[in-house]
Each structure stands twice: as structure tokens, then as C-alpha cells.
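See structure below.
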Amino acid sequence: MGTWSRFNIASIVLGFGFLYLPIVLLVIFSFNESKLVTVWAGFSTKWYTQLWHNQALLDAAWVTIRVALISATCATVLGTLAALALVRYTRFRGRMLFSGMVYAPLVMPEVITGLSLLLLFVAIGLDRGFWTITLAHITFTMCFVAVVVQSRLLSFDQSIEEAALDLGATPVRTFFAITLPVIAPAVFSGWVLAFTLSLDDLVISSFTTGPGATTLPMKIYSQVRLGVTPEINAICTILIGIVAIGVVVASIVTKQREAQRERDERAAFAQS
Amino acid sequence: MKSLGSIRRSFAPWADPASKPFISVKNVTKRFGDFTAVDDLSLDIYTREFFALLGASGCGKSTLLRMLAGFEQPTSGEIILDGQSLAGIPPYRRPVNMMFQSYALFPHMTVENNIAFGLKQDGMPKADIAARVAQMLKLVKLEKFSQRKPHQLSGGQRQRVALARSLAKRPKVLLLDEPLGALDKKLREETQFELMDLQQELGLTFVVVTHDQEEAMTMADRIAVMSHGKVIQVATPAEIYEAPNSRFVADFIGDVNIFEGAVGGADGGYVRLEGTNGFPIRMASPERPATGGKSAVAVRPEKIRVSRQPPAHAPVNAVQGEIWDIGYLGDMTVFHVRLKDGRVIKASSLNAVRAVEDPLGYDQEVWISFGEDAGVVLKD
Amino acid sequence: MTRVASALFSRLVIIIPYAWLLFFFLIPFFIVFRISLSQTAVAMPPYTPVFDLFGGLSGILEKAREFSFDNYVWLTEDVLYFNAYVSSVIIAAVSTVLTLLIAYPVAYGMAKAPKTIRPTLLMLVILPFWTSFLIRVYAWIAILKPEGLLNQFLMSINVIDQPLIILNTNWAIYIGIVYSYLPFMVLPIYSSLEKMDHTLTEAALDLGCTPFTAFWRVTFPLSLAGVVAGCLLVFIPAVGEFVIPDLLGGSETLMIGKTLWNEFNANRDWPVSSAVATILLLILVLPIVYFQNAQAKADSEGK
Ligand SMILES: Nc1ncnc2c1ncn2[C@@H]1O[C@H](COP(=O)(O)OP(=O)(O)OP(=O)(O)O)[C@@H](O)[C@H]1O
Ligand SMILES: [Mg+2]
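Written out as C-alpha cells, the structure reads:
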């Protein structure tokens, strides 16, 4: 390993400082007594208690979570299938088009995706609202799931599937008994990614929504346009907290699992 | 009980015209795009035979095995198993099982569930499965490890799980793709004998792929030597070694010295060659190459004698040279003897006694010689 | 029976996601294009002619005669749109370069970090990605405002005595884009640097390169695939970015994503916004296709 020079350390510290400082400031000022976000006037949690009484906000949060749960689940199924199609079937008609359609949404500007989906929903006469947002989210998040699952499938030892076929399992059985359990962690990360992307989305939701379906980002956006308030900081802090707890728990669990695995492996070799 | 060796010696169904092959590979060709991996290949394998496919890397051994297992379809030709064509039968319907080179153990299942997997697919009753799994664990001596996951096992243990899993269904044929490839030398040699015992005990037909010739010689009843998708020779290990049918086989298996020459005629069961190395050769041969044509004789190093004095039959099958190099291997010594024309001949002699009083040294003038039945006349 | 099921299964694996993407991703583009040829109308939907899929071929042909390229002519006549396209591309390009300049040293430092802390660093780069985009952009408003935290800080240490005007300028947009897209640039560069054999650099040093030339002639070219992927991942979405110019940019900053949004939401002019989207897509088609090919190539190499 080359040396980890002072320059390397400095660039990491500065880079990470840049990434985290704004978020840290935002969290700090959510506990500000004053309504002015930029002047510290003492510690308070009043903005959090106020949130509890903001029914419109709670409704929006509930819509957002339902959209995210449904769309992440459907997107995971579709994205996993898409990844399988890309990795396992190297030759079928229109494969070029297919892989293009999987990769393009990863970089497609959201305004285009949003507008085009809206026009589709209008053209087929679908009432806009909860379900159109969900359909739109399925469409753009499934491609992220596909990419995550695909990279796992690429490193997958296919001979274990052949072994299952060889032992008499039909392809369908092989998929459910062998392939799916082995790629399950990647499928799960795909689900989590789809879930957070859906929670987060503003632009596509705004285009495809209809009366009565307001998501949390849309709510936050309309308030942000009116100015910065500690209340918004409080919502943001809660969302960040949820994500941070989730990530920390997940990483502790995987760390422990890996440590356990390493111990097992060492034990196995000590024995043989 | 008869010893393994005596059973083996009397086992030769391929020599019996009345016996029917269990597996028949008939003119099978497999192409990947415009690359031919297996080229018009035909083979017969008999029940209870331990059959080895031997050949250099990339010669199509795995491809042939995968066609037997059903993972690849032949481009043309036909494979017949027990009188039934395998064409169009998917892998999960074939009465053959395979042991994978990478073992392909299911990482999310315990040893026990790995072994039971195939039985569950057949819908075997639970009690029977448990009994069979226990029997298999005992067979491969892994009773204590039934609840472990594959990553909690050592390499040798994994290999035994893979073996137990592929044997659990009592397949008619077991295909093994480099089963011992991932083991170290010592474990490998032990396991070779375990595999042979197991095959005898269960009365199965084994087709094993390897590119380790020693392994093939040790284990197999017959060996097929492959090259570029074709079978060059199919014979018992002894025949392959002592009577290779071609220069390729002679060269591929063990060390060999090849003496070329023009055919000078034949008498009785012998062929005479005007050797190009400056001495005439007389060699026993069942066949008679045409007089005047080119031919060659292959002689193994251990069949070449090195001596200070010329042998009685000189100059036939004998020539002078000087010792160029000596390799002492413990159980034997290998001499490299340089002939007048610069060619280096390999000869080896067993060190049967502890020390020779006047050992041969570097640069000494010596005679190398061989008997009239020490080598084979090669056809090509 | 099971064989039929198996064959069906393998078909479905392809057909289901394929059909979904065709219907929800590809076909909508054709609809966008078609509507960009229509006229605005006070109705719902607010354009004419409205296609009636059940009107039969003759009906469609009849309606098709009403199509025109008027909206595109309109786009070329109004210099506002042209400027918006140009400034979007320029802002995206400048931001991409800035992101690269910041991301590369970070990725390089991460790749050189001790193996034990690399997973933690990697997680720290990915973590902001999980938090809301909107929140991260919002956080900058409080920092960049004239009376915001940055100015307070700079004034307290006497670097400046007059607040800097950053919010509602292009600088705020650059900061916003760099900040939001930094992980997208760091990750591909890091992964290409991380799997690189570090003995290559040693070999170059051994052959007489200075550390800098070794970096420039060996390390950098080998990380180019990651650099290209990162730049595309930043540039393409940044061209059509809406949230960042809307929240951080000024009223005089033109970006096409914002223009499209306004055309659609404020003016309710669906045909013109469709035309805007169509042209934006045409501008981005080349980089997108390039991105897809790079991605597909990386995948087949991963195999
Ligand atoms: N699916 C495939 N597509 C294209 N070519 C293939 C495929 N499978 C095998 N080949 C080619 O066929 C040839 C024979 O391969 P095979 O795996 O049978 O070799 P092998 O004799 O088993 O070699 P080794 O001893 O290295 O395992 C090789 O040149 C290989 O590149
Ligand atoms: Mg092989």
C-alpha cells in the first residue's frame, strides 16, 4: 500500500467537512429557540412539538410513506426481473433497447420523466393522484434496483444454479430455492434504495400528482419557497435521524455478521 | 473379500464384444459460434467403469461433461444413456449427477440441507431423506458437521460435502469435473483412493475430468486422452503408458524419448529403422509400417540403460554419448545424456541400493541402450 | 407441465420489465413529441387535437393534419429559450468540472486510506445520498443568505466587512450542484482507483517518473473510466436540474428545467413545455447513449 500522505488526509477531511457541515448546521438550528434560523437564541424543542399538531404535514408524511412502501416493493420485483434479464439472457430481440431503457432513467432529468409520465396518464385517461405518483415512482426507481441487483448477479457463481438443476430442481424451483436467497441482500438494498428515492422525490411527484395527494417533499418545498423556518429544519432533522439510525444499525449488523463469519472460517481451518 | 486390485484386473467389459455400453457418445460436435469445442467425438463408457477424460486445458473436457449433464446441447450427434437418447432432456430430468469443480455448494444452506436438496426435489418422504443424509454424512465422515454452513468448512470438507450431495440421489452416473483440483497434494492423493473405494462400494459409473495425468493413471479403469475436441486414444492406463498410439499421447503422458528414422523393413514381429541419430533400431511391433516410410520409436526413460561398456547387442539399439546432467530425486536418478549430434536423451534408474561404489559422473563417456521390446513404434 | 412453466418463467423474466419500461418510459416520449406538435387550448387536457385512440386510422390521419411545428418555431423566435438552453449546458459543464476537481482528491485519498477504514469512508460518502435531496439543497439557503451563517462567520473573523451576495446568483447554483452530486462523482472514481494495482505506480517511480508524472501518466489514465462515468452522472441530470436553480438561483438565472416547470405549472402551456422537453432530450441524447454504452461495457467486463 502506498503511503497515506498528509495531502490525502487533508482532502478527505475537507471533502467530508463540505459534505456534512450543512447538514450538521441544519440539525443544530432545528433546536433554535428563535424563529430566525440563522441567529442562535437558545435551545428549544418547541418546533418538534409544533410539528405534531400540523395535521396537513402528518397527512403528507403518511401519503409519502404509503407511496414509498408500495412503489419500492413493486420496483424491487420489476428491477430484479430486469437485472436477471440483463445478466442471464445475453441475446434476445431488442436487448439493446432494453438495456438502454434500464440505464437512461438513472441520468434522465426529472422534469422530462415527470412531464412525459403525466402526459401518458392524461392520454390513457387515468385519474391523477396517489396511484399515478406510485406508478411513476415504480418506473424510475426500478432502474436503480436493477443496477444494484445486476452488480450482485454479475459476481454470482452460476454453477450453484447448475448444481440445483443437476439435482433435479426445475428452473422455477431453482430460482426460488437458490438464486433468490443468495441475492437477497442485494435485493433488499435495492428495496431500501427505491424506498428512499421515492420518499425523496419532489419533481416527478409534482408532475404526476392530482388533487388530494400531496407528498412530504411537495409540502416542504412549498414552505421552503416561503422562507427558511426552524419548523422545516425540525422535519428535516427527523428524516435525517431516521436515515442515520437505519444506516448505523444496518452497518453494525453487517459488521457483526462479518466478524462472526471470519471467526467461523478461522475455526474451520484450525480444525482441518 | 477380494482385494480391490483383483476386482479391477478382471474388469474389462470394453474387451467383451457382447457387453453393451452404458453411455454412448455418438459423433458429438459442439460449437460455440464458429469455435468448435468438441469435434465429432465418439466414446463408449460401461457400467461400473471409472472413466477419466484427460487433456490439456481448453481441449473440451468440461464441455463434454456438461453435455452429459445437460447444461449444453450438442450441435450435432447424439448421447445415449442406458439405451435412451438424452436429446432434449433437461438436466433436472437426467439420472446423472455432477460434482462441480468449484463445488457449487449452496452458501445459504447447512451441510445437511445441501445433501438433502436433491432428495427433496424427488419428493422423498422426510424420514427416508433423514436416513439417506445420515448415511451420506457417515460415508464422507462429516457426521459432526451436519449443521455447518459451507463457509464454516475447510476446503477438503467442502469437497466431501459436494461429493456426498452428488451421490445422495444414487445417480446411475456421477460426473466429476476436476474433483480434486482445489486440494493440496497430500489430501489429493488420499482422496483419490477414497473416491476409488467409494465407486467400488456403491457400484457406480464415474466419469472424471482431470488434467493431472498421475491422477488419471491412479484412479481410472480407462482413460480417454483428448486434444482440440477430439479423442486421440482410449485405453487402460497401462496401455496408454506402454503403448501410446501416437506421438501426441506418448508425449502427453510421462516423459519419453523419441527416435526417428526411415523404415528399413520388417522381420517376424519386429520392425527395423535406419535411425537418424546414427544407430539402427530394432523394435517389436504388431504392425508393419511400409518400407522406406518415415517412422519413430518412443522409449520411456526408465527403459533406457546407461552403462560404461557397450552392451552385447551394440550397435543395434545402442549409442554413445556423454553425461550432460544428473538429477538425483531420492528414489531414482535421472540422467541426461548428450549424443554426438547434440540431442539429449533422458534415462532414469532406480536407486535400489543405498550407495553405488563408483557412480557415474558428469562428462563421462557412456553407452545408452534399450531392449527390443522397450518401446513402441509410433504410427504417425 | 413443469417444462412449460419453466419456459414461460424465463420468458416472463424478460417480458414483464420490458413491457413496463416500454409503456411507462419509452411510449411517454412519443406522447411528449406528439403533444409538442399540438396547439394550446382552454380545455382539459389543455391542447388540441386530442388523440382518440379509438377513432380508427382515418380519424387519426384526419387529426394528424392539424399537427404543426409552430411550437418549435416559437421556441426559436423567443431568445429566452435559446439562452436558457445555452446557460443550462454551461452551468452544468462548469459545475461538472468543479465537482471533478473536488471529488478526485477525495476519491484518491479514500483509495489510499488504510484498508480497515475504507468501508467507513465509503459509507460516509454514500450516507448523504440517502438523505433528501431537497433537504440538502435547503440547508444551503441558511448558509448562503446575506445574513446567513457563512457571512456571519467571515465577518466575525474580519475577512470581509460587507456581506457577500451569493444566494440567488450562479455561484449558489454551482455550490448546490457540486454539493448534491459530489457522491456521484466520488463513487465511480473511487471504485476505479481502488481496484487499480498500486504496484503500477511503484513501477513507474522505479522507471524514473516523479510522483507527479507517475500520477499523471499512469494513475490518472487508468481511472479515466471512472472519471467519465462520474462526469456523465453529474452533467446529464444537472442540465435539466430544477430544484437547485429554483431554490438557490436568482430570478435572472435561466435554466431549462426551471423554464419547463414554469411553462407547465404557471402558464399551463403543455404543448410548449413538451417542445421544450423534446429539445432538451435531443441535446442530451448523445451523452445518454454514451453513458449507456459505457455502463454496458463495464458490466460485460465485470462478468
Ligand atoms: N459457453 C462458451 N462459449 C464460448 N466458448 C466456450 C464456452 N464454453 C467453453 N468454451 C470454449 O470451449 C473450449 C473448451 O472448453 P472446456 O471448458 O471444455 O475446456 P476444458 O478442457 O475443460 O479446459 P480446462 O482444463 O481448462 O477446464 C475452450 O476453448 C473454451 O474457451
Ligand atoms: Mg474444465
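Protein chains in written order, with the numbering used here: chain S, 99 to 370; chain E, 148 to 527; chain P, 222 to 524.
Backbone N, C-alpha and C fix where the C-beta goes; we use that ideal spot for every residue, glycine too.
Just so we're clear, the structure is a prediction, and the values are computed from it rather than from any experiment.
Along the stretch 259-288 of chain S, the positions whose C-beta sits under 8 Å from a C-beta of chain P are 268, 269, 270 and 273, read in chain order. Ligand 2 has a heavy atom closer than 7 Å to the beta-carbon of residue 209 of chain E.
Residues of chain S with a Cβ closer than 7 Å to the Cβ of residue 296 of chain P do not exist, since the nearest Cβ in that chain sits about 15 Å away.
Within chain S, the residues whose beta carbon sits less than 7 Å from that of residue 335 of chain P are 102, listed in sequence order. Using a CB distance below 7 Å, no part of the stretch 425-436 of chain P faces chain S. Within the model, the alpha-carbon separation for residue 473 of chain E versus residue 509 of chain E is close to 7 Å.
With a contact defined as Cβ atoms closer than 8 Å, residue 194 of chain E and residue 224 of chain E miss out at about 22 Å.
Only 264, 265, 268 and 269 from the stretch 261-277 of chain E bring a Cβ to less than 8 Å from some Cβ of chain S. Residue 343 of chain E: member of the alpha helix (DSSP H) spanning 332-349, first to last residue.
Straight-line spacing of the CA atoms in residue 242 of chain P and residue 474 of chain P works out to 34 Å.
Looking only at S:259, S:328, S:170 and S:134, the smallest Cα-Cα distance to residue 244 of chain S is reached by S:170. One alpha carbon belongs to residue 364 of chain S, the other to residue 214 of chain S, and they sit about 55 Å apart. Between residue 226 of chain S and residue 308 of chain S, the alpha-carbon positions lie close to 4 Å from each other.
According to the DSSP assignment, residue 105 of chain S belongs to no beta strand (DSSP E) but to the alpha helix (DSSP H) extending over 104-127. Checking the 7 Å criterion, the Cβ of residue 356 of chain E is within range of a heavy atom belonging to ligand 2. In chain order, 458, 461, 462, 463, 464 and 478 make up the part of chain P whose C-beta sits under 9 Å from the C-beta of residue 208 of chain S.
Under the Cβ criterion (8 Å, minimum of three pairs), the stretch 270-290 of chain E counts as touching the stretch 304-318 of chain E. DSSP places residue 178 of chain E inside the beta strand (DSSP E), whose first and last residues are 170-179. DSSP places residue 475 of chain E in the uninterrupted beta strand (DSSP E) bounded by 465-475. The Cβ of residue 356 of chain S sits no closer than 8 Å to any Cβ of chain E. At the C-beta level, residue 249 of chain E and residue 257 of chain S come within 8 Å of one another.
Within chain S, no residue has its beta carbon less than 8 Å from that of residue 184 of chain E; the closest one is some 17 Å off. Of all residues in the stretch 340-357 of chain P, only 340, 341, 342, 344, 345, 346, 347, 348, 349, 350, 351, 352, 353, 354, 355, 356 and 357 come within less than 9 Å of chain S when Cβ atoms are compared, listed by chain position. Assignment of residue 218 of chain E by DSSP, reduced to helix, strand and coil, places it in the coil class.
In chain order, 447, 450 and 451 place their CB closer than 6 Å to the CB of residue 409 of chain P, counting only its own chain and leaving out the 5 sequence neighbours on each side. The stretch 264-294 of chain E contains no complete beta strand (DSSP E) run of 3 or more residues. Between residue 260 of chain P and the set P:268, P:461 and P:487, the nearest pair of CA atoms involves P:268. Taking the Cα positions, residue 244 of chain P is about 34 Å away from residue 407 of chain P. In the DSSP assignment, residue 404 of chain E falls within the beta strand (DSSP E) that extends over 404-414.
Across the structure, residue 159 of chain E and residue 367 of chain E are spaced so that their CA atoms are roughly 12 Å apart. A heavy atom of ligand 1 is found nearer than 7 Å to the CB of residue 205 of chain E. Residue burial annotation: residue 251 of chain E is buried, with at least 16 other C-beta atoms found within 10 angstroms of its C-beta.
As the crow flies, the alpha-carbon of residue 359 of chain P is around 31 Å from that of residue 338 of chain P.
Note that the C-beta distance between residue 207 of chain S and residue 458 of chain P is below 8 Å. At a cut-off of 8 Å between beta-carbon atoms, residue 234 of chain P makes contact with chain S.
At a cut-off of 8 Å between C-beta atoms, residue 220 of chain E does not count as an interface residue with respect to chain S.
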